[in-house]
Structures are given as C-alpha cells and as structure tokens.
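Every position in the sequence shown, counted from 1, becomes a number in the working numbering once 515 is added. By construction, the Cβ of each residue, glycine as well, lies at the ideal position given by its N, Cα and C atoms. The structure presented is a predicted model; accordingly, all values stated were derived computationally and were not measured. Presented below is the structure to which this report refers.
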Amino acid sequence: MKTRRTLIKAIGIFSLILLLYFASLHIKIREHTNVKAPNHADYIIILGARVKGEVPSLALQYRIDTAADYLKANKESIAIASGGQGAGEEISEAEAIKRGLIARGINRNRILLEDHSTDTVENIKFSKKLTPNNLQTGLLVTNDFHLYRAKSIAKDQGLDLEGLPAKTPAVAIPKSYGREYLAITKYYLVKFFQD
516 MKTRRTLIKA
526 IGIFSLILLL
536 YFASLHIKIR
546 EHTNVKAPNH
556 ADYIIILGAR
566 VKGEVPSLAL
576 QYRIDTAADY
586 LKANKESIAI
596 ASGGQGAGEE
606 ISEAEAIKRG
616 LIARGINRNR
626 ILLEDHSTDT
636 VENIKFSKKL
646 TPNNLQTGLL
656 VTNDFHLYRA
666 KSIAKDQGLD
676 LEGLPAKTPA
686 VAIPKSYGRE
696 YLAITKYYLV
706 KFFQD
C-alpha cells in the first residue's frame with residue numbers, strides 16, 4: 516500500500532513539473548507573438564510550411580499574406596522565400612511563397628528563392644547565405660506559435676532578427692502548439708548536448 520501511495524505521489528509531482536514546464540514554454544511563445552515589427556527592414560525571411568500539391572496550407576497562406584502586407588508598406592524591403600519540396604508537394608514551399616507574393620502584387624525582382632531547406636534550422640542557415648552583405652536589419656515571418664524557436668535558431672546562426680508574426684489557423688492551434696512544445700524541448704536538448 517505504501518509503495519502504491521509513493522508511486523501515485525511521484526506521478527503527481529512529475530505531472531505538476533511537466534505542466535509547469537509547458538506553461539513556461541507557452542509564456543515564452545506568447546512573449547514573441549505580441550510584438551510590433553519595426554518598419555523598413557532590409558529583408559524578410561518567410562519560413563516555409565506545408566504545400567498541398569501546389570496550394571499553400573492555411574498556415575503558409577497566413578505567412579504569405581503577412582509578408583505581402585509588410586512588403587507593400589515597406590517598398591525597399593526584399594523577401595527571401597524559404598522552404599524545399601517535401602512529400603506530397605508538387606512545388607517547393609519557396610516557390611509557393613513566391614507565387615503567393617506575386618499574386619498579391621509584389622514584384623518578382625524583390626523575391627529571392629531558397630528552395631533546398633527541409634526544416635527551420637536549414638531555412639535560416641540557407642537563407643543567411645542568400646542575404647546580400649550590405650543588408651543589416653531583418654525579420655522572420657512565420658506563424659506566431661513558431662516565432663520564439665525560429666528567432667532562437669536565427670540567433671544561433673548569428674542573425675539577430677525581429678519577428679513578424681502571422682496568425683495561426685484556429686483549427687490548427689491545439690496541434691501546432693502541442694508539436695511546438697516538443698520541438699522546443701528537442702531544440703533545448705540538442706543545444707545542451709552541443710555546448
């Protein structure tokens with residue numbers, strides 16, 4: 516009986532620690548979503564997300580729309596569309612972003628394509644190589660839940676980027692945040708063992 520009570524107590528304590536940990540992650544994520552992006556950035560990096568055939572997922576469409584609005588208001592900024600071609604995608608995520616921006620009236624001459632990356636780390640790493648040396652200030656465009664981790668990865672790559680948060684589709688919020696908690700945990704663990 517005592518062993519069982521001890522086990523239940525241990526499970527309860529572990530569950531509480533886990534709950535507090537995920538709550539702290541949620542606070543960090545939210546801190547990076549309620550910020551106003553500065554105007555006149557030299558460049559913006561639009562991170563890819565799933566494409567269904569040739570059609571951007573709703574999450575990616577929100578990123579495209581947010582980027583297009585910014586580029587219309589800041590006519591000197593250039594865009595780096597980032598994302599390779601995954602399973603079930605007939606075009607790269609970068610190409611889908613480019614097409615979406617052009618459809619929203621952005622001149623193709625303002626759009627650079629990074630179409631080889633397979634994850635957020637590669638998005639930023641490969642986009643950095645495309646960034647002209649004379650450009651200083653940059654923004655990351657991604658859905659709000661993803662911004663904290665994306666900015667942290669950018670900092671690891673030597674880029675001090677502000678964020679330009681796009682909405683997260685309401686239907687995807689539980690799944691997106693749940694996956695992001697795990698992705699941030701993986702990021703922390705990889706960083707810990709690399710240091």
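How many whole angstroms separate the CB atoms of residue i and residue j, which I take to be in contact at a CB cut-off of 8 Å?
i: Ile559; j: Ser592; result: 6 Å
i: Asp630; j: Gly599; result: 6 Å
i: Gly678; j: Leu655; result: 5 Å
i: Ser632; j: Ser597; result: 6 Å
i: Ile621; j: Ala583; result: 6 Å
i: Thr683; j: Asn658; result: 5 Å
i: Pro680; j: Leu662; result: 5 Å
i: Leu713; j: Leu586; result: An answer regarding residue 713 cannot be provided, because it is not within the stretch 516 to 710 covered by the chain.
i: Ile606; j: Val566; result: 6 Å
i: Leu562; j: Ile699; result: So it is not a contact: roughly 15 Å between Cβ atoms.
Opposite residue i in the DSSP bridges: which residues?
i: Ala594; result: Ile559, Ile626
i: Gly678; result: Leu655
i: Lys567; result: Val570
i: Glu604; result: Gly568
Shorter than 8 Å from the beta carbon of residue i to some beta carbon of chain C?
i: Phe708; result: Checking the listed chains, one finds no chain C in this structure; it contains a single protein chain.
Taking 8 Å as the threshold (C-beta atoms), are residue j and residue i in contact?
i: Gly653; j: Ala564; result: no
i: Tyr703; j: Phe660; result: no
i: Arg664; j: Glu695; result: yes
Minimum length 4: unbroken alpha helix (DSSP H) runs contained in the segment 627 to 655 | 635 to 645
How do the segment 528 to 546 and the segment 627 to 647 stand: do at least 3 beta-carbon pairs fall below 8 Å, yes or no?
-> no
Validate contact between the segment 577 to 594 and the segment 687 to 696 using beta carbons, cut 8 Å, 3 pairs = no
Three or more C-beta pairs below 8 Å linking the segment 570 to 577 and the segment 602 to 617 | yes
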